[in-house]
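J.:
There are 2 protein chains.
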Amino acid sequence: MNNPPDFNNIKQAAKRIERYIHRTPVYKSDNLNGLVNAEVFFKCENFQKAGAFKSRGAINAVFSLSKKEIEKGVCTHSSGNHAAALSRAAALRKTIAYIVMPENSSKVKIAAVKNYGGKISFCEPNLASRESTLKDIKQKTGATEIHPYNDYRIIAGQATAAKELFEDIDQLDIIIAPVGGGGLLSGTALATHYISSGTKVIAVEPAGADDAYRSFYQNKFIPSVNPQTIADGLLTSLGTLTFPIIKKHVDVILTVSEKSILEAMKLIWERMKIIIEPSSAVPFAAILENKSYFLSKRVGIIVSGGNVDLNKIPWINS
Amino acid sequence: MNNPPDFNNIKQAAKRIERYIHRTPVYKSDNLNGLVNAEVFFKCENFQKAGAFKSRGAINAVFSLSKKEIEKGVCTHSSGNHAAALSRAAALRKTIAYIVMPENSSKVKIAAVKNYGGKISFCEPNLASRESTLKDIKQKTGATEIHPYNDYRIIAGQATAAKELFEDIDQLDIIIAPVGGGGLLSGTALATHYISSGTKVIAVEPAGADDAYRSFYQNKFIPSVNPQTIADGLLTSLGTLTFPIIKKHVDVILTVSEKSILEAMKLIWERMKIIIEPSSAVPFAAILENKSYFLSKRVGIIVSGGNVDLNKIPWINS
Numbered sequence: 001m002n003n004p005p006d007f008n009n010i011k012q013a014a015k016r017i018e019r020y021i022h023r024t025p026v027y028k029s030d031n032l033n034g035l036v037n038a039e040v041f042f043k044c045e046n047f048q049k050a051g052a053f054k055s056r057g058a059i060n061a062v063f064s065l066s067k068k069e070i071e072k073g074v075c076t077h078s079s080g081n082h083a084a085a086l087s088r089a090a091a092l093r094k095t096i097a098y099i100v101m102p103e104n105s106s107k108v109k110i111a112a113v114k115n116y117g118g119k120i121s122f123c124e125p126n127l128a129s130r131e132s133t134l135k136d137i138k139q140k141t142g143a144t145e146i147h148p149y150n151d152y153r154i155i156a157g158q159a160t161a162a163k164e165l166f167e168d169i170d171q172l173d174i175i176i177a178p179v180g181g182g183g184l185l186s187g188t189a190l191a192t193h194y195i196s197s198g199t200k201v202i203a204v205e206p207a208g209a210d211d212a213y214r215s216f217y218q219n220k221f222i223p224s225v226n227p228q229t230i231a232d233g234l235l236t237s238l239g240t241l242t243f244p245i246i247k248k249h250v251d252v253i254l255t256v257s258e259k260s261i262l263e264a265m266k267l268i269w270e271r272m273k274i275i276i277e278p279s280s281a282v283p284f285a286a287i288l289e290n291k292s293y294f295l296s297k298r299v300g301i302i303v304s305g306g307n308v309d310l311n312k313i314p315w316i317n318s
Numbered sequence: 001m002n003n004p005p006d007f008n009n010i011k012q013a014a015k016r017i018e019r020y021i022h023r024t025p026v027y028k029s030d031n032l033n034g035l036v037n038a039e040v041f042f043k044c045e046n047f048q049k050a051g052a053f054k055s056r057g058a059i060n061a062v063f064s065l066s067k068k069e070i071e072k073g074v075c076t077h078s079s080g081n082h083a084a085a086l087s088r089a090a091a092l093r094k095t096i097a098y099i100v101m102p103e104n105s106s107k108v109k110i111a112a113v114k115n116y117g118g119k120i121s122f123c124e125p126n127l128a129s130r131e132s133t134l135k136d137i138k139q140k141t142g143a144t145e146i147h148p149y150n151d152y153r154i155i156a157g158q159a160t161a162a163k164e165l166f167e168d169i170d171q172l173d174i175i176i177a178p179v180g181g182g183g184l185l186s187g188t189a190l191a192t193h194y195i196s197s198g199t200k201v202i203a204v205e206p207a208g209a210d211d212a213y214r215s216f217y218q219n220k221f222i223p224s225v226n227p228q229t230i231a232d233g234l235l236t237s238l239g240t241l242t243f244p245i246i247k248k249h250v251d252v253i254l255t256v257s258e259k260s261i262l263e264a265m266k267l268i269w270e271r272m273k274i275i276i277e278p279s280s281a282v283p284f285a286a287i288l289e290n291k292s293y294f295l296s297k298r299v300g301i302i303v304s305g306g307n308v309d310l311n312k313i314p315w316i317n318s
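Here the protein sequences come in this chain order: A and B. When the count follows our numbering, it moves up by one through the first sequence with no breaks and lands on 318 for the last residue. When the count follows our numbering, it moves up by one through the second sequence with no breaks and lands on 318 for the last residue.
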């Protein structure tokens, strides 16, 4: 794919991945709706295979490869959910995923990759080491790189979450996705454009990692420098492929405080009895911070994932 | 109701409560199934209104009362989920729930009762104070007592969870419920008897609170004395109405260690991304402790509730 996914690409992705992923449920909570005076629909990708929406893109990308390509395996650098999702996708196509992870990655994330049979190469926790390690692997193995978000096949895969949400819930006034590298957000924005163009697309970012916010409003690519947030899935900078889609199809980007992210996360755990990771609390945090904006609206939220180290609950340990 | 619920009573209860409760989803986890080599179906009452199956019995009991009875309100003693569920049920019938709670009850539970408009009277944390406080309230107000489990209307209500599970999942070899006072268990056993008599009914109890286990196998009522378990919903003794039903319709009672309860609870949080309370982990703990017994079986579990104090995660704080 050399162009941003069109509607057909997204429909093909949905078809390609459906055997390998869950069609996740959409939940709502009368309790939380009462709290914010809006009708909020949570698309629960925390229940997705490997615990995050990342399985959609990873499966779509890996199953788009030719037999010849797949023989040599796939590779990526990721310390997070994409690493586990790609490992799982590779295992399903009976090939190897080579994963470059910083040596200080959490045990839980290392275990998840190993659990799906991913082959880990540790690197120093900096960009130079990560890139040189990945380059070495590509040269030695001939594996195809599957970038976590800067890849149209990944974007088309991530778009299927919003597609399903629109199939299940109609007349959404607003759809919200968190933004890190922008794979989920650009997919969500494209799906909304094709399926429900009257729905406003809002992205939310932690104030401590606001490269998308600044890039969007200053209309130029501004990478993250030393971002600080509990929402560890949103530390990455936008990509060269995701940013143009976001500029074109996202209506608003909001930022939220760490305090609101924690409050939203705890509220969702407590009232909805579901486990979501900090990054997934970011959209609801935006509603908490901007209640009058969302008043009486029908709002869809893509809950990105549920992978949390349960020994480090942020409101207890931090 | 002066006799144990027959199938018609359970069907009537289902009809009576359906407007006021959730038909909760049934979840399974490939990951956990792989771990225990069985097919386990979780009936997720943690997603129930007020966070527990207790809403079923409370609604059934309160909506069974006559207009005249309901005018004077309802009352109970409970420090747990029944207190919140009864408060909610009373509010729906626009009457008052008088709740006797020990003065050392957790803030979370006190807040839940207040949230639903229950009127709390605190007592000392012992049986004598609890009973005298409740007696005073009954005399002063004329409120109808709704016991947490020793009441056929409550039992008929709790039976509707298993009824729904059998409607959604067929050919279960085994159904498991935790046992405290026995309301959920006796309802589950009756529903199984009427709907799926080929399904074996297994009750599970913490080894540190094993009055049902001992009563069942010694064939006489042996109350709890100083029970100790993290599964705070299972501290109570069997009732005079629940024990005979359990004797007649439960096949096996197993006990599990605290270690297994914690392991099961953490596994379910981690792999299924759902929040369940310690008492709800007890059935899966029994599978973990008895894998060969459950090997290749289709097993239904009633997940009793999801009310946890999120500031006190047991594997972090204990």
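Even for Gly, the Cβ is constructed at its ideal location relative to N, Cα and C.
1. Just the C-alpha distance for A203 (chain B) and V250 (chain B), rounded to the nearest angstrom, thanks.
2. Between B:V62, B:R298, B:A14, which lies nearest to G73 (chain B) when the distance is taken from Cα to Cα?
3. Got a sec? Which residues, its chain only, sit under 7 Å from S318 (chain A) by beta carbon, not counting five neighbours each side?
4. Quick one: using the 10 Å Cβ neighbour count with 16 as the cut-off for buried, is K109 (chain B) buried or exposed?
5. Is there a Cβ from chain D that is less than 8 Å from the Cβ of G118 (chain B)?
6. How would you label D30 (chain B), buried or exposed, when you count the other beta carbons within 10 angstroms and need 16 or more for buried?
7. In angstroms with no decimal places, state the Cα-to-Cα distance between V26 (chain A) and F47 (chain A).
8. Can you find a CB in chain A that lies within less than 8 Å of the CB of L310 (chain B)?
9. Count the other C-beta atoms from every protein chain shown that fall within 10 angstroms of the C-beta of Q158 (chain A), then say buried if there are 16 or more, exposed otherwise.
10. Please work out which residues of its chain come closer than 8 Å, Cβ to Cβ, to I261 (chain B), disregarding the five sequence neighbours upstream and downstream, and give them in chain order.
11. From the DSSP output, which residues share a beta bridge with E145 (chain A)?
12. What are the residues of the region 146-167 of chain A that lie near chain B, defined by any Cβ-Cβ distance shorter than 7 Å?
13. Which chain B residues are close to N46 (chain A), counting only those with a beta carbon under 7 Å from its beta carbon?
14. Counting C-beta neighbours from all protein chains within 10 Å, is the total for Y152 (chain A) 16 or more, i.e. buried, or is it exposed?
15. Counting only runs that start and end within the region 250-293 of chain A, where is the alpha helix (DSSP H) found for 4 or more residues in a row?
16. Going by the beta-carbon positions, is the gap between L267 (chain B) and L32 (chain B) smaller than 8 Å?
17. Per DSSP, what are the beta-bridge partners of R298 (chain A) in this structure?
18. Under 7 Å Cβ-Cβ, which residues of chain B neighbour G51 (chain A)?
19. Below 6 Å CB to CB, which residues in the same chain sit around G51 (chain A) once its five sequence neighbours on both sides are set aside?
20. Would you list, in chain order, the members of the region 251-266 of chain A that have their beta-carbon closer than 9 Å to a beta-carbon of chain B?
21. Do you know offhand how far Y213 (chain B)'s Cα is from D136 (chain B)'s?
22. Buried or exposed: R19 (chain B), going by 16 or more other Cβ atoms within 10 Å of its Cβ?
23. So which residues on chain B does L313 (chain A) lean against when the C-beta distance must stay under 7 Å?
24. Give a yes or no on whether the C-beta atoms belonging to I146 (chain A) and F166 (chain A) are separated by under 8 Å.
25. Just the C-alpha distance for F216 (chain B) and S237 (chain B), rounded to the nearest angstrom, thanks.
26. Here's the rule I'm using: 16 or more other beta-carbon atoms within 10 Å means buried, otherwise exposed. How should K54 (chain B) be labelled?
27. Measure the C-alpha to C-alpha separation of A264 (chain B) and M272 (chain B) and round it to an integer number of angstroms.
28. How far does the alpha helix (DSSP H) with V113 (chain A) in it extend, from its first residue to its last?
29. For the alpha helix (DSSP H) that contains I17 (chain B), what are its first and last residues?
30. Quick one: measure Cβ to Cβ for T188 (chain B) and T199 (chain B), integer angstroms, because I've assumed they're closer than 8 Å.
31. The ligand HEM and A97 (chain A): does any heavy atom of the ligand fall closer than 7 Å to the residue's C-beta?
32. So, is the C-beta of E270 (chain A) closer than 8 Å to a C-beta in chain B?
33. Using a 10 Å radius around the Cβ and a threshold of 16 neighbouring Cβ atoms, would you call A162 (chain A) buried or exposed?
34. Counting contacts by CB-CB distance shorter than 8 Å, is G328 (chain B) in contact with chain A?
T.: Let me lay it out:
1. 7 Å
2. B:V62
3. Low local confidence applies: a pLDDT of 48 at S318 (chain A) is under 50, so the model's placement there is unreliable, with the coordinate-based value given in what follows. Hits under 7 Å: none found.
4. buried
5. The displayed structure is made up of protein chains A and B, and chain D is not among them.
6. exposed
7. 10 Å
8. yes
9. buried
10. P206, T229, I230, A231, P278, A281, V282, A285
11. A:C75
12. none
13. K273
14. buried
15. 258-267, 278-289
16. yes
17. A:E39
18. K273
19. G305, G306, N307
20. K266
21. 34 Å
22. exposed
23. In the sequence under discussion, the amino acid at residue 313 (chain A) is Ile, which differs from the Leu named in the question. Residues of chain B passing the Cβ test: I313, I316.
24. no
25. 12 Å
26. buried
27. 11 Å
28. 107-115
29. 7-17
30. About 10 Å; that fails the 8 Å criterion.
31. Inclusion of the ligand HEM in the displayed structure is not the case, the ligand content being empty and no account of it being possible.
32. yes
33. buried
34. Outside the shown range of chain B, which is 1 to 318, sits residue 328 (chain B), and nothing can be said about it.
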